[in-house]
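Asks:
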Amino acid sequence: MTMFKGIIGRKLGMTQVFDQKGNVIPVTVIEAGPCSIVQIKTEEKEGYNAIQLGFLPKKASRVNKPLLGHFQKAGVGPFYILKEFKVENPEGCTLGQEIRVDLFKPGDYVDVIGWTKGRGFTGVMKRHNYSGAPSSHGTSDYHRHGGSVGSNTDPGRTWKGKGMPGRYGNERVTVQNLLVVDVKPEKNLLLVKGAVPGGVNSIVLIREAKKKRG
Numbered sequence: 000m001t002m003f004k005g006i007i008g009r010k011l012g013m014t015q016v017f018d019q020k021g022n023v024i025p026v027t028v029i030e031a032g033p034c035s036i037v038q039i040k041t042e043e044k045e046g047y048n049a050i051q052l053g054f055l056p057k058k059a060s061r062v063n064k065p066l067l068g069h070f071q072k073a074g075v076g077p078f079y080i081l082k083e084f085k086v087e088n089p090e091g092c093t094l095g096q097e098i099r100v101d102l103f104k105p106g107d108y109v110d111v112i113g114w115t116k117g118r119g120f121t122g123v124m125k126r127h128n129y130s131g132a133p134s135s136h137g138t139s140d141y142h143r144h145g146g147s148v149g150s151n152t153d154p155g156r157t158w159k160g161k162g163m164p165g166r167y168g169n170e171r172v173t174v175q176n177l178l179v180v181d182v183k184p185e186k187n188l189l190l191v192k193g194a195v196p197g198g199v200n201s202i203v204l205i206r207e208a209k210k211k212r213g
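For the sequence shown, the positions run 0 to 213 when numbering that gives the first Met the number 0 is used.
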């Protein structure tokens, strides 16, 4: 077994389960693994220690020759997803080694890294929760505007950090200390308490919690 605890998964959605006392626990269902170790990076060669995992098998005909050679060197088939996990010491890890969801067990705490839903170009009300202008009393074509963005003669410019319209969402977010409620190795499923970033079928990274609860 590897020296680190990390795996790539795919968010399937949310549901609820009941504990032994009948309490409802909201959980996120994640298809975690199986993954294969595609590359082992060391501080001597790459400047840092890391394990590269592959997730979701892919046809060899859909991979270009350089990437196909990268997979063949590890002795594994091509994958759609390649992600790295930094480790303190890669000893104990071997190329082609399979990482499965039974790496975790109920009661563990994990950090889940995902990418929030992309909202595209949005205005200040959606992006920054601004209240907008009044809807009546003479307001015209200014209902969802953000108000003044400038200053007086001094300093005569827009302040840095001023909330403006722009791209919203699709940001990397880490949710820490999520409780592992259940593990179903036969179906490669991991159930964690609470919500994780991203939409259905979005890719998430699950690792052992760095700030474990006491």
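Idealized CB from N, CA, C, for every residue including glycine. If you're wondering where the values come from, they're calculated on a predicted model, not measured in any experiment.
Measuring CA to CA, which of Lys10, Gly8 and Pro25 is closest to Val16?
Replies: Your numbering for residue 16 matches position 17 in the sequence shown. Closest option to Val16, Cα to Cα, is Pro25.
Asks: Can you say whether Ala59 is buried or exposed, counting buried as having 16 or more other CB atoms within 10 angstroms of its CB?
Replies: To locate residue 59, count along the sequence shown from 1; it is residue 60. Its Cβ having fewer than 16 others within 10 Å, Ala59 is exposed.
Asks: Where do the ends of the beta strand (DSSP E) carrying Lys40 lie?
Replies: Taking the first residue of the sequence shown as position 1, residue 40 is located at position 41. Its beta strand (DSSP E) spans residues Cys34 to Lys40.
Asks: Between the stretch 134-147 and the stretch 68-79, are three or more C-beta pairs nearer than 8 angstroms?
Replies: no
Asks: Counting C-beta neighbours from all protein chains within 10 Å, is the total for Val195 16 or more, i.e. buried, or is it exposed?
Replies: As a first step, residue 195 is located in the sequence shown; it is residue number 196 there, counting from the start. It is buried - the Cβ of Val195 has at least 16 other Cβ atoms within 10 Å.
Asks: Alpha carbon to alpha carbon, how far is Thr115 from Lys4? Give it in angstroms, no decimals.
Replies: By one-based count along the sequence shown, residue 4 stands at place 5. By one-based count along the sequence shown, residue 115 stands at place 116. One C-alpha to the other measures close to 23 angstroms.
Asks: Look at the Cβ atom of Pro80, then the Cβ atom of Ile7, and state whether they are nearer than 7 angstroms.
Replies: Counting from one through the sequence shown, the residue named residue 80 turns up at place 81. Counting from one through the sequence shown, the residue named residue 7 turns up at place 8. It is Ile, not Pro, that sits at residue 80 in the sequence shown. Yes, the pair counts as a contact, with Cβ atoms nearer than the cut-off.
Asks: Does DSSP classify Met0 as helix, strand or coil?
Replies: The sequence position of residue 0 within the sequence shown is 1, counting from 1. Below a pLDDT of 50, predicted positions are generally treated as unreliable, and Met0, at 43, falls in that range; no measurement from the model is reported.
Asks: Distance check for Arg171 and Pro164, CA to CA, integer angstroms please.
Replies: The residue you call residue 164 lines up with position 165 of the sequence shown. The residue you call residue 171 lines up with position 172 of the sequence shown. Answer to the nearest angstrom: the Cα atoms are 20 angstroms apart.
Asks: Compare the Cα-Cα distances from Asn36 to each of Lys159, Leu94, His136 and Thr152 and report the closest residue.
Replies: Translated into positions along the sequence shown, residue 36 becomes position 37. Note on identity: in this sequence residue 36 is Ile, with Asn being the wrong assignment. When only C-alpha atoms are compared, the closest one is Leu94.
Asks: Contact defined as beta carbons within less than 8 angstroms: I believe Asp181 pairs with Pro105. What is the distance between those atoms, to the nearest angstrom?
Replies: Counting from 1 along the sequence shown, the entry for residue 181 is found at position 182. Counting from 1 along the sequence shown, the entry for residue 105 is found at position 106. With 8 angstroms as the limit, Asp181 and Pro105 qualify as a contact, their Cβ atoms being about 6 angstroms apart.
Asks: Return the bridge partner residues of Lys85 from the DSSP annotation.
Replies: Within the sequence shown, the letter at position 86 stands for residue 85. Answer is Ala49.
Asks: According to DSSP, which residues form a beta bridge with Asp110?
Replies: The residue given as residue 110 occupies position 111 in the sequence shown. According to DSSP, which records beta bridges pairwise, Asp110 is partnered with Arg206.
Asks: Between which two residues does the beta strand (DSSP E) holding Gln15 run?
Replies: Residue 15 sits at position 16 when you count from the first residue of the sequence shown. Taken as a continuous stretch (DSSP letters only), the beta strand (DSSP E) holding Gln15 covers Gly5 to Phe17.
Asks: Do the CB positions of Asn200 and Gly32 come within less than 7 angstroms of each other?
Replies: Mapped onto the sequence shown, residue 200 falls at position 201. Mapped onto the sequence shown, residue 32 falls at position 33. No, the pair does not count as a contact, with Cβ atoms beyond the cut-off.
Asks: I need the DSSP call for Leu67, collapsed to helix, strand or coil.
Replies: Here residue 67 refers to the residue found at position 68 of the sequence shown. Helix.
Asks: Quick check on the DSSP output: what are the complete beta strand (DSSP E) runs of length 3 or more inside the stretch 84-162, in order along the chain?
Replies: 108-114 and 117-121
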